[in-house]
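Visitor:
2 protein chains.
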Amino acid sequence: MAILHTVVFRLSHPAGSPEEALFLDTARETLTVIAGVRDFTVRRQVSAKSDLDWQFSMLFDDQDAYDAYDAHPLHREFVATRWATEVEAFQEYDFVDRP
Amino acid sequence: MAILHTVVFRLSHPAGSPEEALFLDTARETLTVIAGVRDFTVRRQVSAKSDLDWQFSMLFDDQDAYDAYDAHPLHREFVATRWATEVEAFQEYDFVDRP
Numbered sequence: 005m006a007i008l009h010t011v012v013f014r015l016s017h018p019a020g021s022p023e024e025a026l027f028l029d030t031a032r033e034t035l036t037v038i039a040g041v042r043d044f045t046v047r048r049q050v051s052a053k054s055d056l057d058w059q060f061s062m063l064f065d066d067q068d069a070y071d072a073y074d075a076h077p078l079h080r081e082f083v084a085t086r087w088a089t090e091v092e093a094f095q096e097y098d099f100v101d102r103p
Numbered sequence: 005m006a007i008l009h010t011v012v013f014r015l016s017h018p019a020g021s022p023e024e025a026l027f028l029d030t031a032r033e034t035l036t037v038i039a040g041v042r043d044f045t046v047r048r049q050v051s052a053k054s055d056l057d058w059q060f061s062m063l064f065d066d067q068d069a070y071d072a073y074d075a076h077p078l079h080r081e082f083v084a085t086r087w088a089t090e091v092e093a094f095q096e097y098d099f100v101d102r103p
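Taken in order, these protein sequences are the chains called A and B. Counting in the numbering used here, the first sequence runs from 5 upward without gaps. Counting in the numbering used here, the second sequence runs from 5 upward without gaps.
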């Protein structure tokens with residue numbers, strides 16, 4: 005079953021800053037290299053009912069593809085070197101079709 | 005600019021119950037009648053990193069369509085009679101394309 009993996013987050017960088025753009029660009033360039041990552045999308049979160057500003061969304065064909073992504077060295081390195089230091093707050097959600 | 009309106013939520017009903025199914029079916033049948041609601045989708049939230057269980061997602065072509073939905077009597081009635089009494093917790097997010 006396909007899994008839509010999403011994370012909504014807030015960066016430590018000012019809105020519109022070069023650092024913000026670099027983070028978003030680096031994420032796309034790094035994570036889309038990983039086999040099994042489909043439909044990688046960066047969206048701006050604009051509801052005032054949340055204090056998070058961005059969303060990454062990606063689709064995996066199945067749990068194996070998701071697990072391979074999670075364990076992939078490029079993903080692990082991105083999390084350790086960029087995510088851990090530049091993201092102030094986040095919330096993950098994974099979605100599947102209604103059973 | 006198109007707006008992807010989403011809400012992740014948890015119901016007071018047991019998972020797999022008829023009451024749960026009825027809530028989800030009624031939401032779809034009620035809200036998709038409203039002009040401007042596109043791509044209405046019900047998804048199951050499965051990440052253990054969140055305690056919310058379901059997501060409604062819908063696409064509006066622009067803010068006017070979103071505002072018309074928000075003010076629509078069918079939406080207002082659904083929120084007052086079903087959402088307010090059957091939803092235990094929720095989080096809204098609205099997404100637009102990265103500027």
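Even glycine gets a Cβ: it sits at the ideal position worked out from N, Cα and C.
According to DSSP, residue 96 of chain B sits in a beta bridge with which residue or residues?
Guide: Against the second sequence, residue 96 of chain B aligns to sequence position 92. The partner list for residue 96 of chain B (beta bridge, DSSP) reads B:11.
Visitor: Within the 9 Å Cβ cut-off, does residue 14 of chain B reach chain A?
Guide: Taking the second sequence and counting its residues from 1, one reaches residue 14 of chain B at position 10. By this cut-off, residue 14 of chain B is not an interface position.
Visitor: Of the choices B:21, B:86, B:8, whose alpha-carbon is the least far from that of residue 103 of chain A?
Guide: Along the first sequence, one-based indexing puts residue 103 of chain A at 99. The option with the nearest alpha carbon to residue 103 of chain A is B:21.
Visitor: Counting only runs of 4+ residues fully inside the stretch 21-53 of chain A, write out the alpha helix (DSSP H) ranges in chain order.
Guide: 22-35
Visitor: Less than 8 Å between the CB atoms is what I'm expecting for residue 82 of chain B and residue 28 of chain B, so what's the real figure, rounded?
Guide: For the purposes of this step, residue 82 of chain B is taken as residue 78 along the second sequence, with counting starting at 1. For the purposes of this step, residue 28 of chain B is taken as residue 24 along the second sequence, with counting starting at 1. Not a contact, Cβ separation roughly 12 Å.
Visitor: Is it the case that the Cβ atoms of residue 31 of chain B and residue 46 of chain B are separated by a distance below 9 Å?
Guide: Your numbering for residue 31 of chain B matches position 27 in the second sequence. Your numbering for residue 46 of chain B matches position 42 in the second sequence. A Cβ-Cβ contact shorter than 9 Å links residue 31 of chain B with residue 46 of chain B.
Visitor: Taking Cβ to Cβ, would you say residue 61 of chain B is nearer than 9 Å to residue 98 of chain A?
Guide: Here residue 61 of chain B is taken as the residue at index 57 of the second sequence, counted from 1. Here residue 98 of chain A is taken as the residue at index 94 of the first sequence, counted from 1. Going by C-beta atoms, residue 61 of chain B is not nearer than 9 Å to residue 98 of chain A.
Visitor: Considering only C-alpha positions, which residue in the set B:91, B:101, B:96, B:100 is nearest to residue 14 of chain B?
Guide: Against the second sequence, residue 14 of chain B aligns to sequence position 10. That would be B:91, whose Cα lies nearest to the Cα of residue 14 of chain B.
Visitor: So the alpha helix (DSSP H) residue 56 of chain B belongs to, where does it begin and stop?
Guide: By one-based count along the second sequence, residue 56 of chain B stands at place 52. Counting along the chain, residue 56 of chain B falls outside any alpha helix (DSSP H), and DSSP gives it neither H nor E.
Visitor: Under the three-state reduction of DSSP, which class applies to residue 101 of chain B: helix, strand or coil?
Guide: The residue given as residue 101 of chain B occupies position 97 in the second sequence. Reduced to three states, the DSSP call for residue 101 of chain B is strand.
Visitor: Relative to the C-alpha of residue 57 of chain A, which residue among B:58, B:94, B:100 is closest?
Guide: Within the first sequence, numbered from 1, the residue matching residue 57 of chain A stands at position 53. Looking at the Cα atoms, B:100 is the closest of the given residues.
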